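**Student:**
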Amino acid sequence: MSEQLTLSRAIGAGLRRALADDDRVLLMGEDIGDLGGVFRVTDGLKAEFGAERVMDTPLAESAILGTAIGLAYRGFRPVVEIQFDGFIFPAFDQIVAQLGKLRYRTGGAVSMPITIRVPFGGGIGSVEHHSESPEAYFAHTPGLRVVSCSNPQDAYSMIREAIRSDDPVLFFEPKRRYWAKGEVDLEAEPEPLGSAKVVVTGADVTLVTYGPLVATAIDAAAAAVEDGVSVEVIDLRSLAPVDFETVEASVRKTGRLVITHEAAQSGGLGAEIAASITDRCFYHLEAAPQRVTGFDVPYPPAKLEEQYLPDLDRILDAVDRVLGRENSLTGWSAK
Amino acid sequence: MSEQLTLSRAIGAGLRRALADDDRVLLMGEDIGDLGGVFRVTDGLKAEFGAERVMDTPLAESAILGTAIGLAYRGFRPVVEIQFDGFIFPAFDQIVAQLGKLRYRTGGAVSMPITIRVPFGGGIGSVEHHSESPEAYFAHTPGLRVVSCSNPQDAYSMIREAIRSDDPVLFFEPKRRYWAKGEVDLEAEPEPLGSAKVVVTGADVTLVTYGPLVATAIDAAAAAVEDGVSVEVIDLRSLAPVDFETVEASVRKTGRLVITHEAAQSGGLGAEIAASITDRCFYHLEAAPQRVTGFDVPYPPAKLEEQYLPDLDRILDAVDRVLGRENSLTGWSAK
Amino acid sequence: MRTEAALDSPRENADMNEWPEPREELVQILTPDGERLEQPLYDRWISDIDADALVALLEDLTVVRRIDVEATALQRQGELGLWPPLLGQEASQIGSARALREDDFVFTSYRENAVAYCRGVQLGDLVKVWRGTAFSGWNPFDVGMATPQVIIGAQTLHATGYAMGCKKDGVDSVAVAYFGDGATSQGDVNEAMIFAASFNAPVIFFCQNNHWAISEPVGLQAVRPIADRAPGFGIPSMRVDGNDVLAVMAATRIALDRARSGGGPTFIEAVTYRMGPHTTSDDPSKYEDRASHEEWAAKDPILRLTQYLEGEGILTDEVRAAVKSKADDVAREFRAECIGMANPEPMTVFDNVFAEPHSALDRQKQQFAAYLSYVEGSTR
Amino acid sequence: MRTEAALDSPRENADMNEWPEPREELVQILTPDGERLEQPLYDRWISDIDADALVALLEDLTVVRRIDVEATALQRQGELGLWPPLLGQEASQIGSARALREDDFVFTSYRENAVAYCRGVQLGDLVKVWRGTAFSGWNPFDVGMATPQVIIGAQTLHATGYAMGCKKDGVDSVAVAYFGDGATSQGDVNEAMIFAASFNAPVIFFCQNNHWAISEPVGLQAVRPIADRAPGFGIPSMRVDGNDVLAVMAATRIALDRARSGGGPTFIEAVTYRMGPHTTSDDPSKYEDRASHEEWAAKDPILRLTQYLEGEGILTDEVRAAVKSKADDVAREFRAECIGMANPEPMTVFDNVFAEPHSALDRQKQQFAAYLSYVEGSTR
Ligand SMILES: Cc1ncc(C[n+]2csc(CCOP(=O)(O)OP(=O)(O)O)c2C)c(N)n1
Ligand SMILES: Cc1ncc(C[n+]2csc(CCOP(=O)(O)OP(=O)(O)O)c2C)c(N)n1
Ligand SMILES: [Mg+2]
Ligand SMILES: [Mg+2]
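Written out as structure tokens, the structure reads:
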């Protein structure tokens, strides 16, 4: 049976399903109980499953992750909510030095089936630390899987898969798309995490993105049609590992690659994708892969986020660039 | 006047000079006082400058950084020692969410002239968390400068420049090269941070690296000569920002790029360098840039680090690859 | 192994019982109904607070509440993106901030707008952050107050480091860290107490226990009074009625005096209550029970000072009128400065990341400038 | 503002004086010279420790010291990369570990090799980590002991979470976190106490205060006894003579009993001394004063038990001989297993990063395999 759900409700439905299917699944976080989380993703779950399984924790992210690890040692499958992207850093040591290393450290003896939910990204006019995109830190960390959903159906299926996985998974939720609605088949058998998806087929340019910018990329592809350009849009879904087979197949066809994400450009996911695709299909590339990203500045105040965030026009400008058409950098050279 | 110094003593000499030149400079860290640090880099400095300026702190990295930030607010220039690379993560929030953002947050009102010294990298047969290369996390973080030295002269000059800078600087010290000796001109006027250096000139391939692998790269270049290949070796020195002008000039000449570092490949510095150089001189590239790096696994136990660490042979294999010569991947295809 | 003694209370089993019972009682000088209590240990610290000073405090309390109400209205009208009300916490903030010296330095969280007001922050600057035009409303060095901290607890370490610096500089300035009850669960706050104790830093840990961390009751963070923690770290603490502006001021002056005279850190728990939502986007009806809300409404900090001043015959009609018109003026000016605020120029998104030139960022800046003029050109 | 009262002690200025003086005295059952003291509150918890049990404890202490000495020798001979001696801390580790049940779970730091021995870890497995052949010497679930933690303090949160899980599962197993005096400065350890208190988790915080964190004296971490911190978090604590195996065992049993019977967390500070270097690569001569070293040598845990057993006439020549030969056997076997240890296969560097296939890592693995055979080929 299928329902019209917002992305946030779809995640909630996935959590409810996971709690119902496996009594070792636990939710932990700040304000996820009676309040249902600041984005109401866990709304009603404490009432339904009780405070032992939907746990409000004291205000300490390192401890939330650290105790989740202890619970996983004990055989539980904790699903942790980090309230906003910018609040994950106090837990960085427990995630990077513990969670990501435990299976390797113990020669496979200890599994860490922990899912970390992180509402991420900007565009909501919020204050400092509430609009960040820290995914690249985790994608560079061995032992962690990193995914991001872009629509209600994937949100529902991917959160269930993430919880089912015996590996730790960072689950990045595009907060500015929480209210986007879509049809969700609640019986759909989720596919294992790791595969990207071609969401718009095209012939001239491959446009790769994930999370909040998938919708923007789809709009860009539609706009490009009017200029007679056929853009293929790929929703990565999995950021670590990246499904390079799918991206490579597309680029072998189009010969041109544009990557867009909100995170700062230097060392962002776009760098890895550009480098790997250049390595995998150098001789098929008609132009250098282009990145349309946030700038190398801290995420700015609300009144400046319009400048910071990649948008349809900046994406189309990069499309023109890989097509060798006139673009903002035609004739430009560094001063 | 110039002296033969090991790299570690050269850093110590730079610290002594900074303490002597500016009484707002402070050293903070675990065991840096009477013990002189586990690598003896600060040996004798507490005796010389006193416990108020060379401070042993309680065992808490977040507090070391957090109090250093408070001291910087008060006008001091703290130089913090993180005992080993793997112990920087408890301080990650203070570095990424505070240190890197404070100038931006305050519209330029508050300067954070803090230097964070981090002995990093492997090859010393140590235990878990003692051989890591976390530089990419910081290079992806806006507001932070990231540098690494590879020889005693640079170590001495760069630590002085890092301390002099009004920006926060992550100073990565190649711990397995601490005992490497070299001539150090103690009067040399240090150049501002940010420039890379061509340490071997060559015509066929550009080999880019930093820190502990610079020596390995120089050996590789020497070995390549015997195969009739002329390799140009670039020591980046600055990892954020990267001196792309220097790398680009070299690649425009050689048409071939190999990057090597110890950190895991996915999302490592090599990705940014390959992506940026491909963007800057796509039409000058004869082959896809190749990366010779650590694997996407946690840094392994001592008896396996030989496999993990890039070495001369793996570098030369990549050189063969960009030259289109027979190499380990000739005819290889993914299963 | 289990023994017959298993169910004895451990306190009978071992000397775990030398610790005092939880310190529930509060230091109080003004009762909720405006009666003034004798508190010899504290009274001597506010002996200079005469009628004029009391009226000044009433004015402060009234004005900051008025600013708060106005800000909430501005948010409702779409002029602010968000606002964290301090409703109910006025006495904790005014009583402590008015005890400070100009050369002291304050590191707060986001809710301390009354503290900012006392430090001399311009009215419009109070809301720049909430309107989204900047991340800092003011230059910290102009007012001796750091940019309010969003990362819970992080500022307590900055305050401790600043205090270590005051000591090194041989000045008797004091650093004050303001934070909430929820913040006490963060490692940073505990590490701050450890560093402060080890370095005997002149810092005051001022915790406003307003009973809530968004939807989480203080009982989830601490199973005994928060003020009971500091002594274990070697930091003396006081637990005061946070809705009693005189008790708060006396306690703060004691702590300041200790700090200035080399006594080191002090911890103050000001027990108060968050009468409003966590922020304008919060909905307390999902978690707050009305009973405790009503209970605390009766303990209102302004009400009790008003009653006391009435009783003392200090609160004449002129005084009342003066306070009201001051509040009106401030509210008007506040609103005007808020609405009149200019938006930042697009290219400033690149400014003040670094003190020195940065090749990567400069390139991005140049390219974005080229992009903007290109777009302009093509749309012209 | 400064007042005439400025120099009064604040304890006279306010009610900051209700907290007890630092708890310096230690729970002690065996004095340094082997005299047994009456400790009614504790004796009842070790009433089952008869002559045989006492001899078993002496054997444990002797064996683990022997292992430690052997390991140091192996390191000097280049068979181990590093070793963190537990010399002097035997009683703290044996007394606590021998109080545990098989279904309890232990989360330690790197120095708890005597604990590992008690949990049944194979001798050779004690040094895999230090020889560099693996990051974990054993499967944690085989012995109820997690891989020793290198990141100071991190394991205390794991223990707390594990204990929360025991409670959820309705079992009376207990989690024990071992950590040092230096670790108490880490945010994680403080957060662990906060979570343990809030969730009333059956966890024991067992702190070995061996007076040093590498070169830093405990006084830099804590200005009053470490055991004094826990009560502020709502966790009862005991401060015991860590060189007194009986006192440690009694205290641990009390804490275990509290935890099993729903009493929640307990904090134990075992006051001992690190008689060796921090690790084999440390040089205490740079920071340690000989005086305190000598002072603690006189408080040796094995010496006092030996003297006590002699006094009781329990330590006959046969017993002495038996203990010695056991230690000799263990040392021989330990050395043999260490030296005979196989190195890991090169390709295992890629194993056990993930439970499920990972395209990026699998590709690297395949390419490295191709590289190895290529190199082999070309060098053949
Ligand atoms: C590290 C971190 N985690 C989570 C948050 C989200 N958050 C903002 S305010 C808040 C509650 C803070 O409660 P308290 O410390 O009592 O201060 P109050 O809001 O009551 O003034 C939380 C959880 C944050 N800002 N920073
Ligand atoms: C987070 C972190 N910081 C620093 C270190 C380096 N280090 C290893 S042991 C040690 C001292 C620990 O002292 P203590 O907790 O008292 O334990 P002990 O060594 O005395 O048993 C330090 C600083 C570390 N391992 N982890
Ligand atoms: Mg609160
Ligand atoms: Mg110690």
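Protein chains in written order, with this note's numbering: chain Y, -17 to 317; chain P, -17 to 317; chain D, 6 to 385; chain F, 6 to 385. No residue lacks a Cβ here, since even glycine has one placed at the ideal position from N, Cα and C. In this text the structure is predicted, and so the values were computed from the model without any measurement.
#1: For chain Y, check one thing: does any of its Cβ atoms lie closer than 8 Å to the Cβ of residue 82/D?
#2: Name the chain P residues whose beta carbon is nearer than 7 Å to that of residue 254/Y?
#3: On the three-state DSSP scale, how would you describe residue 299/D?
#4: Measuring alpha carbon to alpha carbon, tell me which of 190/F, 217/F, 163/F and 321/F ends up nearest residue 179/F.
#5: What's the gap between the Cα of residue 65/P and the Cα of residue 220/F?
#6: Could you name each continuous alpha helix (DSSP H) segment of 4 residues or more that falls completely within the stretch 233 to 282 of chain D, going from the start of the chain to the end?
#7: Give, in chain order, every unbroken run of the beta strand (DSSP E) that is at least 3 residues long and sits entirely within the stretch 32 to 96 of chain P.
#8: Could you check how far apart the C-beta atoms of residue 75/P and residue 74/Y are, in whole angstroms? I think they sit under 8 Å.
#9: Residue 279/D: beta carbon under 7 Å from a heavy atom of ligand 3?
#10: Taking DSSP as the reference, what is the three-state secondary structure of residue 307/D?
#11: Could you tell me whether any non-hydrogen atom of ligand 1 is closer than 7 Å to the CB of residue 114/D?
#12: Please list the partners that residue 80/Y has in chain F, where partner means a Cβ-to-Cβ separation under 8 Å.
#13: At a CB distance below 9 Å, what residues from the stretch 19 to 39 of chain P approach chain D? Give them in sequence order.
#14: Please state the DSSP three-state secondary structure of residue 109/D.
#15: How should residue 110/P be labelled, buried or exposed, when 16 other C-beta atoms within 10 angstroms of its C-beta is the threshold for buried?
#16: Using 8 Å as the threshold, is the C-beta distance between residue 87/P and residue 8/P below it?
#17: What does the alpha-carbon distance come out to for the pair residue 172/P and residue 245/Y?
#18: On a Cα-Cα basis, can you pick out the residue from 263/F, 94/F, 244/F and 341/F that is closest to residue 177/F?
#19: Using a Cβ-based criterion (distance less than 7 Å to any ligand heavy atom), does residue 155/D qualify as near ligand 1?
#20: Give me the Cβ distance between residue 69/P and residue 78/Y, rounded to the nearest whole Å; I'm assuming they're in contact under 8 Å.
#21: Tell me residue 188/Y's beta-bridge partners as DSSP assigns them.
#22: Would you please verify whether the beta carbon of residue 69/Y is less than 8 Å from any beta carbon of chain F?
#23: Taking 7 Å as the line, does the beta carbon of residue 293/D fall inside it for any heavy atom of ligand 1?
#24: Let me know if residue 303/D comes out buried or exposed under the rule of 16 or more other beta-carbons within 10 Å of its beta-carbon.
#25: Using a 10 Å radius around the Cβ and a threshold of 16 neighbouring Cβ atoms, would you call residue 329/D buried or exposed?
#26: Compare the C-beta of residue 161/P with all C-beta atoms of chain F and state if any pair is closer than 8 Å.
#27: Return the chain-ordered list of same chain residues with a C-beta closer than 6 Å to the C-beta of residue 210/F, the five sequence neighbours on each side being excluded.
#28: Of all Cβ atoms in chain P, is any one closer than 8 Å to the Cβ of residue 157/Y?
#29: Please find out if some non-hydrogen atom of ligand 1 comes closer than 7 Å to the beta-carbon of residue 151/F.
#30: State yes or no: is the C-beta of residue 137/Y within less than 8 Å of the C-beta of residue -11/Y?
#31: Rounding to the nearest angstrom, what Cα-Cα distance links residue 10/F and residue 104/D in this structure?
#32: Say whether chain P places a C-beta atom closer than 8 Å to the C-beta of residue 211/F.
#33: Which chain Y residues are close to residue 270/P, counting only those with a beta carbon under 7 Å from its beta carbon?
#34: By the criterion of Cβ-Cβ separation under 8 Å, what are the contact partners of residue 16/P in chain F?
#35: Among 281/F, 367/F and 344/F, which residue has its Cα nearest to the Cα of residue 95/F?
#36: If distances are taken between C-alpha atoms only, which option among -9/P, 108/P, 44/P and 169/P comes closest to residue 18/P?
**Tutor:** Let me spell this out:
#1: If you number the third sequence from 1, residue 82/D lands on position 77. No - not a single Cβ of chain Y is within 8 Å of the one on residue 82/D.
#2: Position 272 of the first sequence, counting from 1, holds the residue named residue 254/Y. Those within 7 Å of residue 254/Y in chain P are 248, 249 and 253.
#3: Within the third sequence, the letter at position 294 stands for residue 299/D. Reduced to three states, the DSSP call for residue 299/D is helix.
#4: Along the fourth sequence, one-based indexing puts residue 179/F at 174. It is 163/F.
#5: Residue numbering aside, residue 65/P sits at position 83 when the second sequence is read from its first letter. Residue numbering aside, residue 220/F sits at position 215 when the fourth sequence is read from its first letter. Those two C-alpha atoms are separated by around 13 Å.
#6: 250 to 265
#7: Correct list: 36 to 38 and 59 to 63.
#8: Within the second sequence, numbered from 1, the residue matching residue 75/P stands at position 93. Within the first sequence, numbered from 1, the residue matching residue 74/Y stands at position 92. Contact between residue 75/P and residue 74/Y holds: CB atoms are separated by about 7 Å, below the 8 Å threshold.
#9: As a working mapping, residue 279/D is identified with position 274 in the third sequence. The answer is yes for residue 279/D.
#10: In the third sequence, counting from the first residue as 1, residue 307/D sits at position 302. Residue state, collapsed to three classes: helix.
#11: Within the third sequence, the letter at position 109 stands for residue 114/D. Yes, Cβ of residue 114/D sits closer than 7 Å to a heavy atom of ligand 1.
#12: Taking the first residue of the first sequence as position 1, residue 80/Y is located at position 98. Those within 8 Å of residue 80/Y in chain F are 156, 159 and 163.
#13: Correct list: 34, 35, 37 and 39.
#14: Working through the third sequence from its first residue, we reach residue 109/D at position 104. The answer is coil: DSSP assigns residue 109/D none of H, G, I, E or B.
#15: Translated into the one-based positions of the second sequence, residue 110/P becomes position 128. Result: buried.
#16: Sequence index remark: in the second sequence, residue 87/P carries index 105 (1-based). Sequence index remark: in the second sequence, residue 8/P carries index 26 (1-based). Not closer than 8 Å, so no.
#17: Here residue 172/P corresponds to residue number 190 of the second sequence, with the count starting at 1. Here residue 245/Y corresponds to residue number 263 of the first sequence, with the count starting at 1. Between residue 172/P and residue 245/Y, the C-alpha separation is close to 34 Å.
#18: Here residue 177/F is taken as the residue at index 172 of the fourth sequence, counted from 1. That would be 263/F, whose Cα lies nearest to the Cα of residue 177/F.
#19: The residue you call residue 155/D lines up with position 150 of the third sequence. Yes.
#20: Within the second sequence, numbered from 1, the residue matching residue 69/P stands at position 87. Within the first sequence, numbered from 1, the residue matching residue 78/Y stands at position 96. The pair is not a contact, with the Cβ atoms about 12 Å apart (cut-off 8 Å).
#21: Within the first sequence, residue 188/Y is the residue found at index 206, counting from 1. Its beta-bridge partners are 214/Y and 239/Y.
#22: Along the first sequence, one-based indexing puts residue 69/Y at 87. So no, residue 69/Y is outside the interface.
#23: Walking along the third sequence from the start, residue 293/D turns up at place 288. Every heavy atom of ligand 1 is 7 Å or more from the Cβ of residue 293/D, so no.
#24: For the purposes of this step, residue 303/D is taken as residue 298 along the third sequence, with counting starting at 1. Classification for residue 303/D: exposed.
#25: For the purposes of this step, residue 329/D is taken as residue 324 along the third sequence, with counting starting at 1. Exposed, because fewer than 16 other Cβ atoms sit within 10 Å of the Cβ of residue 329/D.
#26: Translated into the one-based positions of the second sequence, residue 161/P becomes position 179. Cβ-Cβ to chain F under 8 Å: no for residue 161/P.
#27: Sequence index remark: in the fourth sequence, residue 210/F carries index 205 (1-based). Taken in chain order, the residues that qualify are 182 and 272.
#28: Taking the first sequence and counting its residues from 1, the one referred to as residue 157/Y is at position 175. No, because no Cβ of chain P sits closer than 8 Å to the Cβ of residue 157/Y.
#29: Position 146 of the fourth sequence holds residue 151/F. Residue 151/F: no, Cβ never under 7 Å from ligand 1.
#30: The residue given as residue 137/Y occupies position 155 in the first sequence. The residue given as residue -11/Y occupies position 7 in the first sequence. Cβ distance < 8 Å, so residue 137/Y and residue -11/Y count as in contact.
#31: The count along the fourth sequence starts at 1 and reaches residue 10/F at position 5. The count along the third sequence starts at 1 and reaches residue 104/D at position 99. Low local confidence applies: a pLDDT of 36 at residue 10/F is under 50, so the model's placement there is unreliable, with the coordinate-based value given in what follows. About 16 Å.
#32: The residue given as residue 211/F occupies position 206 in the fourth sequence. Not closer than 8 Å to any Cβ of chain P, the Cβ of residue 211/F fails to qualify, so no.
#33: In the second sequence, residue 270/P corresponds to position 288, counting from 1. Near residue 270/P (Cβ distances below 7 Å), the residues of chain Y are 260, 261 and 264.
#34: Position 34 of the second sequence, counted from the start, is the residue given in the question as residue 16/P. Chain F residues near residue 16/P: 220, 291 and 292.
#35: Reading the fourth sequence from its first residue, position 90 is the one you call residue 95/F. Of the listed residues, the one whose Cα sits closest to residue 95/F is 281/F.
#36: As a first step, residue 18/P is located in the second sequence; it is residue number 36 there, counting from the start. Cα-wise, what sits closest to residue 18/P is -9/P.
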